[in-house]
Amino acid sequence: MAVSMHDVARVAGVSQRTVSNVVNNYAYVRPETRQRVLDAMAMLGYVPNAAARSLRSARTGLIAFVVPDFRARIFADLADPVVREAEALGYTVLIELTGSGRERELQVLTGGRNQLTDGAIMMALSLKPGDGRSRRADFPIVLMGDEVLEGEVPHVGIPNRDASTAVARHLAETGRRRLMLLGYDPDGGLTARTRVRGFLDGVTEAGLPVDETLLIRADWTREGGRRAIEQHIDSGRPMPDAIFAMNDSIALGALRALQARGIRVPKDVAVVGFDDVEEARYSTPSLTSVSPDVESMAAHAVAMLHEQITGKPGGRASHIVVDFHLKVRESSQ
Numbered sequence: 001m002a003v004s005m006h007d008v009a010r011v012a013g014v015s016q017r018t019v020s021n022v023v024n025n026y027a028y029v030r031p032e033t034r035q036r037v038l039d040a041m042a043m044l045g046y047v048p049n050a051a052a053r054s055l056r057s058a059r060t061g062l063i064a065f066v067v068p069d070f071r072a073r074i075f076a077d078l079a080d081p082v083v084r085e086a087e088a089l090g091y092t093v094l095i096e097l098t099g100s101g102r103e104r105e106l107q108v109l110t111g112g113r114n115q116l117t118d119g120a121i122m123m124a125l126s127l128k129p130g131d132g133r134s135r136r137a138d139f140p141i142v143l144m145g146d147e148v149l150e151g152e153v154p155h156v157g158i159p160n161r162d163a164s165t166a167v168a169r170h171l172a173e174t175g176r177r178r179l180m181l182l183g184y185d186p187d188g189g190l191t192a193r194t195r196v197r198g199f200l201d202g203v204t205e206a207g208l209p210v211d212e213t214l215l216i217r218a219d220w221t222r223e224g225g226r227r228a229i230e231q232h233i234d235s236g237r238p239m240p241d242a243i244f245a246m247n248d249s250i251a252l253g254a255l256r257a258l259q260a261r262g263i264r265v266p267k268d269v270a271v272v273g274f275d276d277v278e279e280a281r282y283s284t285p286s287l288t289s290v291s292p293d294v295e296s297m298a299a300h301a302v303a304m305l306h307e308q309i310t311g312k313p314g315g316r317a318s319h320i321v322v323d324f325h326l327k328v329r330e331s332s333q
């Protein structure tokens with residue numbers, strides 16, 4: 001009779017999940033536990049057979065992590081914990097880039113691009129309400145980011161509106177009165193629209209006027225932030241005393257432009273970003289930024305996907321919004 005993973009777990013005194021983690025070379029197994037499992041495998045003559053496991057389970061052990069691109073650092077920052085959480089459950093993660101293209105996001109949703117994977121975690125920027133009806137019912141999927149599909153697909157979200165309101169409140173509390181929104185796009189995706197609404201809520205809540213000349217369009221890149229600030233300065237229009245950039249890339253570009261023109265941050269203009277990418281901590285000055293709990297997002301998303309794949313509900317809500325913190329640093333103090 002063939003030796004099973006259950007036999008190895010029994011001899012090693014660990015769970016089958018731990019044996020799976022060792023078989024799949026998961027890095028976060030204690031060395032002594034790993035050695036005990038390896039010793040049990042050697043004693044029993046157990047040889048893992050990935051192909052046989054796949055045939056028995058009708059699964060490949062592969063899941064897709066689907067993001068627009070890696071120009072926005074937040075997507076790369078999310079990839080790391082997603083991979084770690086997935087590997088802990090014995091999955092290998094394939095990265096797919098959609099370029100924010102609606103057709104490619106729909107193909108993921110309907111399972112058309114995923115014949116080789118057991119499921120997908122996707123950050124979608126171009127899906128619209130109602131698209132969830134196109135979802136292939138037997139293909140496990142979890143969305144991250146804004147709840148674009150309004151309850152139609154399991155989802156782990158960022159509190160974009162509340163976080164953006166907190167930014168406006170922070171700037172008002174530090175005495176700022178002319179608040180610029182950089183990266184404004186009234187026709188953009190749900191993330192952009194939600195952050196705009198939250199920020200304007202905070203401005204109004206603070207008793208400050210909404211100055212439409214300070215709602216500035218910009219590409220969501222460093223170059224976009226730099227160019228938009230330079231154009232505003234060159235226009236001769238009054239400067240703000242605070243800038244909320246819709247993501248950290250825009251904010252870092254804005255910092256560069258302000259410094260190049262001799263405008264002091266934060267003495268003349270405070271700057272706040274969103275996403276809390278690693279560069280925010282090391283810019284000069286360091287950048288105040290909204291920090292979503294990416295570790296929690298990744299853990300929830302992978303667990304929700306795993307429950308769909310295995311058909312074993314864990315009592316987890318199908319729609320989860322993680323916490324955030326406003327990391328106040330030199331750029332707004």
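Numbers 1 to 333, taken from the UniProt record's numbering, label the letters of the sequence shown in order. Glycine included, C-beta positions come from ideal geometry on N, C-alpha and C.
Answer with buried or exposed for residue 85, where buried requires no fewer than 16 other C-beta atoms within 10 angstroms of its C-beta.
Position 85 of the sequence shown, counting from 1, holds the residue named residue 85. Looking at its Cβ environment, which holds 16 or more other Cβ atoms inside 10 Å, residue 85 is buried.
Give me, in chain order, the residues of the same chain whose beta-carbon lies closer than 6 Å to that of residue 20; leave out the 5 immediate sequence neighbours on both sides.
In the sequence shown, residue 20 corresponds to position 20, counting from 1. So the list reads 90, once near-sequence residues are dropped.
Rounded to whole angstroms, what's the CA-CA distance from residue 36 to residue 16? Just pull it up for me.
For the purposes of this step, residue 36 is identified with residue 36 of the sequence shown, where counting begins at 1. For the purposes of this step, residue 16 is identified with residue 16 of the sequence shown, where counting begins at 1. Each residue's Cα considered, the two are about 13 Å apart.
Determine the closest residue to residue 72 out of 304, 311, 274 and 328, with distance taken between C-alpha atoms.
Locating residue 72 in the sequence shown gives position 72, counting from the first residue. Closest by alpha carbon: 274.
So for residue 334, helix, strand or coil by DSSP?
Residue 334 lies beyond the residue range present for the chain, which begins at 1 and ends at 333; the question has no answer from this structure.
Quick one: Cα of residue 252 to Cα of residue 235, how far?
Position 252 of the sequence shown holds residue 252. Position 235 of the sequence shown holds residue 235. Each residue's alpha carbon lies about 21 Å from the other.
Counting beta carbon pairs with one atom in the segment 130 to 137 and one in the segment 164 to 184, are three or more of them shorter than 8 Å?
With a cut-off of 8 Å, the segment 130 to 137 and the segment 164 to 184 do not count as touching, because too few Cβ pairs lie within range.
Does the Cβ-Cβ distance between residue 127 and residue 105 come in under 9 Å?
Translated into the one-based positions of the sequence shown, residue 127 becomes position 127. Translated into the one-based positions of the sequence shown, residue 105 becomes position 105. Result yes, Cβ atoms of residue 127 and residue 105 sit closer than 9 Å.
Identify whether residue 157 lies in helix, strand or coil by the three-state DSSP scheme.
Working through the sequence shown from its first residue, we reach residue 157 at position 157. Three-state result, residue 157: strand.
Below 9 Å between beta carbons: does that hold for residue 82 and residue 298?
Along the sequence shown, read from residue 1 onward, the residue named residue 82 stands at position 82. Along the sequence shown, read from residue 1 onward, the residue named residue 298 stands at position 298. Yes. Within cutoff.
If I follow the unbroken alpha helix (DSSP H) through residue 5, where does it start and stop?
If you number the sequence shown from 1, residue 5 lands on position 5. Taken as a continuous stretch (DSSP letters only), the alpha helix (DSSP H) holding residue 5 covers 5 to 12.
Would you mind giving the Cβ-Cβ distance between residue 242 and residue 270, rounded to the nearest angstrom? I have them listed as a contact below 8 Å.
As a first step, residue 242 is located in the sequence shown; it is residue number 242 there, counting from the start. As a first step, residue 270 is located in the sequence shown; it is residue number 270 there, counting from the start. Indeed, because the Cβ distance is near 4 Å, the residues count as touching under 8 Å.
Residue range of the alpha helix (DSSP H) that residue 258 falls in?
Working through the sequence shown from its first residue, we reach residue 258 at position 258. That run of the alpha helix (DSSP H) goes 248 to 260.
Under three-state DSSP, which class holds residue 52?
Residue numbering aside, residue 52 sits at position 52 when the sequence shown is read from its first letter. Confidence in residue 52 is poor, its pLDDT being 46 and thus under 50, which makes the residue's placement too unreliable to answer from.
Can you check whether the CB of residue 95 is closer than 9 Å to the CB of residue 65?
On the sequence shown, residue 65 is found 65 positions in, with the first residue counted as 1. On the sequence shown, residue 95 is found 95 positions in, with the first residue counted as 1. Cβ distance < 9 Å, so residue 65 and residue 95 count as in contact.
I'd like the span of the beta strand (DSSP E) that includes residue 243, first residue to last.
Within the sequence shown, the letter at position 243 stands for residue 243. Taken as a continuous stretch (DSSP letters only), the beta strand (DSSP E) holding residue 243 covers 242 to 245.
Just list the residues that DSSP pairs residue 335 with in beta bridges.
Shown here, the chain extends from 1 to 333; a query on residue 335 therefore has no answer.
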